[in-house]
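Line by line, the protein sequences give chains A and B.
The first sequence begins at 3 in my numbering and counts up one residue at a time.
The second sequence begins at 3 in my numbering and counts up one residue at a time.
All C-beta atoms in this analysis are idealised placements derived from N, C-alpha and C, irrespective of residue type, glycine included.
All of these numbers come straight from a predicted model, not from anything done at the bench.
Number of protein chains: 2
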Amino acid sequence: MATIQEVAKYAGVSVATVSRVINTPDKVRKHTQFKVQNAIRELNYEPSVLGRSLRTSQTRLFLVLLPSISNPFYAQIINGIQNKAIESGYNILLCETDSDPAREVIFFNMIKNKLADGIISMDPTVNKERLIELSTKYPIVQCSEYAKDNTLSYVTIDSERAAYQAVKHLIKLGHKKIGLINFDKKFLYASERYRGYEKALKEFDLEIKDDWIYNTKHLNFESGQQAMRVLLNQADRPTAVFAVSDVLAVGALKELHINQLRVPEEMALFGFDNIEFSNVVYPPLTTVAQPMYDMGSISVQMLMSKIRGEEVESLVLDHHLIIRETT
Amino acid sequence: MATIQEVAKYAGVSVATVSRVINTPDKVRKHTQFKVQNAIRELNYEPSVLGRSLRTSQTRLFLVLLPSISNPFYAQIINGIQNKAIESGYNILLCETDSDPAREVIFFNMIKNKLADGIISMDPTVNKERLIELSTKYPIVQCSEYAKDNTLSYVTIDSERAAYQAVKHLIKLGHKKIGLINFDKKFLYASERYRGYEKALKEFDLEIKDDWIYNTKHLNFESGQQAMRVLLNQADRPTAVFAVSDVLAVGALKELHINQLRVPEEMALFGFDNIEFSNVVYPPLTTVAQPMYDMGSISVQMLMSKIRGEEVESLVLDHHLIIRETT
DNA sequence: TTCTTAAAAGTAATCGATTACATAATATTT
DNA sequence: AAATATTATGTAATCGATTACTTTTAAGAA
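As structure tokens, this is what we get:
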């Protein structure tokens, strides 16, 4: 790859002029511009991101932190992020933390090292203190998952209300015994969705039974299946279950199949996220749709504002229920 | 973030000495080492990747090219890549090309710009000529998908044999009318799996009927569903279908549900890839398992060898059939 | 045509590291 | 103790760009 010096020599001008042709063409004469452009084309020159970054301290790269790439929930958000980022002349670096603090440190160092211009964090397992501390120096926004802290901006949905509406929908269908498959409540969205569940049941004077609530340790199909197994094994079992994530719901659905239970007649099921799978399983899963693509693209816009040094307001986007055939 | 100059000043030595303490500690006295280490700790110094890269031309970063992050097939491979890479002191940059040549160019430029030390390509839509040309100058390996070219190394499986075995399994179960849901045959694996299908049918003197073969344009659930719809709409329809990808198979399965066909009694289904989801659908999908994790970790080892300038041999790994309940 | 002013191009410092080469400080040999 | 060999440290060039500052060139005014 040719360097700026070679281009300068070839075009018979100084390196400064070449740099100007690239960055501020107005400052150079048409004739000179032409010569330089020609040299650039001839030598197949591309400015070195490294040299430029070292000098300007910007890489036009974002870090996107997520716990695991295999969770399909993130796929769509990433799509929104990617498209918006590219449109704005940025690229993204997908960073899978696997909920491993050591890996998190590596990625945080990348921004300290100016290898990236900003961070979009979607990782619920992220070290909140460190993230907050980092956010005082570097542009950071949170997407979907967030820490309640007013220095950190976020874009998310109202999980509590969504859960409330989902459970209310089950109640309206006549269910009186409603179970919950939740994720570890140390995650904000899990505790919020729990509160929505609780609120709906209380409002209709229905029983909140600890035996009908199962908190999973992991967010995968098996955990959902395991949860449903436990719920089914009870003498007095629920007639409907709200799962705080489609991944869990899909796993639960498998357990229902294994037990030959008719869905929704013998057991109704409500998921959350509207991942692609949710419409492919049988019967198609009733769920809560988050505006995933928008969340992604908005978080990029917020990050860009931050980079420009503007104040940015956090956003709570609208969700909606998608009633399919499991309820 | 402190710079090497500040550390040098604080420790009362030259920048060269600081650099030596970090890179070749044997060359500096214990006492000096101690002073410098202390300064590094005090100032919370981390070497700038940018400065270092500019000088040494290595970033310890890999590019991983894939068409789409939402295809669960890649999740496990990436896991293998990520773990092996981190173990070797490298990080990976996940690059979603969305099969868009313009985006591909961006990522290729990153390696020309020395922003990354190597590329692992898993993208079947990649521009093969450009990849081959690039591979003469930069370390590149292909994972799973590959171009037949002896300058380009790859790690993959024997798709033709796997397809042959899968179809043979269906034949052994007594099926005489076997359909195929394939992906666009311009992709090598699609044409190889087709050949395996063809070979098995020919061997047992079974009919290869064009009406029973559907090539999808995209690799997603809907395409699989659409394919099965077409196959079902025929007067004389197959009793078993081999889909070259689980994603297609799962979509096809949905169409079977919609049509209330019993699986496998009225229609058997054989997938390919063993994605996590294949064991969650109902009934669990019979499929071909690729050693995805290994493919990922091996491709990193191959890439590292290439970076060290060693000759590397391409590898064809073993697959195996996972017989579940759709056959 | 000469003087003033604005625009264009060049020179060199800079970003943060590494490293060849030069020099200073020890260690070893005689 | 002096001469020599070895090791430790420092100096300065370098990677590839950007940009403040200076100098040159061209345009406009008198």
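Identify, in the order they occur along the chain, each residue of the same chain with its Cβ nearer than 7 Å to the Cβ of residue i, setting aside the five sequence neighbours on each side.
i	result
Asp213(B)	Gln236
Lys201(B)	Tyr166
Leu305(A)	Phe64, Gly120, Ile122, Pro141 and Val143
Gln303(A)	Lys86
Tyr47(A)	Ala4 and Val9
Ser59(A)	Lys116
Ile1(A)	Examination of residue 1(A) is not possible in this model, given that chain A is present from 3 through 329 alone.
Ser101(A)	Pro69 and Thr127
Tyr199(B)	Ala165, Val169, Leu182 and Phe244
Gln84(A)	Ile94
Taking C-beta pairs closer than 7 Å, name the residues in chain B that residue i reaches, listed in chain order.
i	result
Asn75(A)	Per the sequence presented here, residue 75(A) reads as Phe, with Asn not at that position. None at all; the shortest Cβ gap to chain B is about 10 Å.
Gln84(A)	Glu98
For residue i, collect the residues of the same chain with a Cβ closer than 6 Å to its Cβ; drop the 5 residues on either side in sequence, then sort them by chain order.
i	result
Asn93(B)	Leu63
Val38(B)	Ala13, Val20 and Val23
Glu106(A)	Thr99
Gly181(A)	Trp214, Leu233, Pro240 and Val243
Glu194(A)	Ser161 and Glu162
Lys170(A)	Ala202
Glu327(A)	Pro285 and Pro286
Phe206(B)	Ile173
Glu257(A)	Gln227, Met230 and Arg231
Asp151(A)	Ile134
Gln78(B)	Met294 and Tyr295
Please compile the residues from chain A whose C-beta is within a distance smaller than 7 Å of the C-beta of residue i.
i	result
Phe279(B)	Phe279
Asn93(B)	Ile108
Tyr284(B)	Lys256, His259 and Tyr284
Ile80(B)	Ile71
If I measure Cβ to Cβ from residue i and keep anything under 8 Å in the same chain, skipping five residues before and after, which residues do I get?
i	result
Thr218(A)	Ile183, Asn184, Phe185, Asp186, Ser225, Gly226, Gln228, Ala229 and Leu250
Phe279(B)	Pro74, Asp248 and Val252
Gln7(B)	Val17
Arg132(A)	Glu106 and Phe110
Val15(B)	Thr34, Lys37 and Val38
Asn281(A)	Leu287 and Arg326
When the distance is taken between beta carbons, is residue j closer than 8 Å to residue i?
i	j	result
Leu287(B)	Leu263(B)	no
Val20(B)	Ala4(B)	no
Cys145(A)	Ser307(A)	no
Leu96(A)	Val51(A)	no
Pro74(A)	Pro74(B)	yes
Pro293(A)	Asp320(A)	yes
Ala168(A)	Leu271(A)	no
Ala164(A)	Val318(A)	no
Lys179(B)	Ala149(B)	no
Ser155(A)	Ser299(A)	no
Tyr191(B)	Glu147(B)	yes
Thr26(A)	Lys116(A)	no
Met297(B)	Val157(B)	yes
Ile210(B)	Ile71(A)	no
Pro126(B)	Phe189(B)	yes
Leu56(A)	Gly91(B)	no
Using only the heavy atoms of the ligand ADP, determine whether one of them is closer than 7 Å to the beta carbon of residue i.
i	result
Asp320(A)	The ligand content of the structure shown is nil, which means the ligand ADP is not present either.
Which chain B residues are close to residue i, counting only those with a beta carbon under 8 Å from its beta carbon?
i	result
Glu324(A)	The sequence as given places Ile at residue 324(A); Glu does not occur at that position. Ordered by position in chain B, no residue passes the 8 Å Cβ test against Ile324(A), which lies about 16 Å from the chain.
His142(A)	Residue identity check: residue 142(A) is Ile in the sequence provided, not His. Going along chain B, no residue has its Cβ under 8 Å from Ile142(A), so there is no contact; the nearest lies around 16 Å.
Ile159(A)	Per Cβ cutoff of 8 Å: no residues; Ile159(A) is ~20 Å from chain B at best.
Ile300(A)	Under the 8 Å cutoff, chain B gives no residues; its nearest Cβ is about 19 Å from Ile300(A).
Ile2(A)	Here chain A covers residues 3 to 329 and nothing more, so residue 2(A) does not appear.
In chain order, what residues of the stretch 106-133 of chain B put their CB closer than 9 Å to some CB of chain A? Ile108, Phe109, Asn111, Met112, Lys114, Asn115, Lys116 and Leu117
Contact set between the stretch 252-263 of chain B and chain A, restricted to residues whose Cβ is under 7 Å from the partner: Val252, Gly253, Lys256 and His259
Residues from the stretch 40-59 of chain B in contact with chain A, defined by Cβ distance under 7 Å: Those would be Glu48, Ser50, Val51, Leu52, Gly53, Ser55 and Leu56, in chain order.
Contained alpha helix (DSSP H) runs [length at least 4] in the stretch 123-169 of chain B, N- to C-terminal order: 130-137
Ignoring anything shorter than 4 residues, give me the alpha helix (DSSP H) runs that lie fully in the stretch 242-313 of chain A, in order along the chain. 248-260 and 294-309
Can you pull out the residues from the stretch 201-227 of chain B whose beta carbon lies closer than 7 Å to at least one beta carbon of chain A? Phe223
As an exercise, report each continuous beta strand (DSSP E) stretch of at least 3 residues that is fully enclosed by the stretch 4-76 of chain B, in chain order. 63-68
Tell me which residues of the stretch 3-26 of chain A have at least one Cβ-Cβ distance to chain B shorter than 9 Å, keeping chain order. Legend: CB atoms of the stretch 3-26 of chain A lying less than 9 Å from CB atoms of chain B belong to residues Met3.
Residues, ordered as in the chain, of the stretch 176-193 of chain A that lie near chain B by beta-carbon distance below 9 Å: none
3-residue-minimum beta strand (DSSP E) runs that sit fully inside the stretch 200-228 of chain A, ordered along the chain: Whole beta strand (DSSP E) segments, 3+ residues: 215-218.
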